[in-house]
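Everything on this sheet refers to the single structure shown next.
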Amino acid sequence: MRVKKNNFTENEISKALKIYNYFIENSFSNFEEKKLSKLKFNLLLKKIKKNKLPFILAIEENEVIGLAFVNKFREKSGYRFSYEHSIYVDPDLINNGYGNKILKELVKICKKISKIKNLIAVIGGKNNFASIKIHKNNGFQYIGTIKKAGFKKNKWVDSIYMQKRLWEK
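What follows is the structure, encoded as structure tokens:
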């Protein structure tokens, strides 16, 4: 697996969007309720790039198998050193270790960006054991659960918060 950071092709963006939209439609790991259009996905990518934050694609055999990005944790200035990240793996390749590999690469990239002091994982659903395990294996610590924080598909969903402090060794 290799990571691509910039200059994505239209085909790569389309595949990444397909993966992203899969999780909107079929899981509680993304609290969006409606699929993103290509325009809105490109606006998200543009916003992340404008803020000089990572947006990466995981590539294997010239195919996009996953994506990850970092965005502001909150808009208020006091949160300026804390960032939330998102990771999505092609649903056909889940449980093959790609999520772990993508997260490792994302953390490496974030450590090189001085303004990122905290990475926050907001994991949708208390039963998302794979995501919790991947984060724990990469040095994230459980910091709390917000009960029934989200509402999707006529169901209340918890948010699990995990944190990795990047400035500590």
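First residue of the sequence shown: -15, per my numbering; consecutive thereafter. Don't be surprised by glycine CBs; every beta carbon is placed ideally from N, CA and C. Small disclaimer: the values here were computed from a predicted structure and weren't measured.
With Val92 as the anchor, note down where its alpha helix (DSSP H) starts and where it stops. It should be pointed out that residue 92 corresponds to Lys in this sequence rather than to Val. Residues 82 to 95.
Within 10 angstroms of its Cβ, does Pro38 collect 16 or more other Cβ (buried), or is it exposed? buried
Report the option in Leu20, Glu45, Lys148, Lys24 whose CA atom is closest to the CA atom of Glu68. Lys148
Whole-angstrom distance between Asn5 and Ser21, CA atom to CA atom: 9 Å
Can you list, in chain order, the residues of its chain with a C-beta nearer than 7 Å to that of Asn55? Leave out the 5 residues immediately preceding and following it. Ile32, Leu37, Tyr67, Glu68
Please classify Ile71 as buried or exposed, where buried requires at least 16 other C-beta atoms within 10 Å of its C-beta. buried
With distance defined between alpha-carbon atoms, name the residue in Leu150, Asn102, Ile3, Tyr126 nearest to Phe113. Tyr126
Rounded C-alpha distance that separates Asn14 from Gly134: 10 Å
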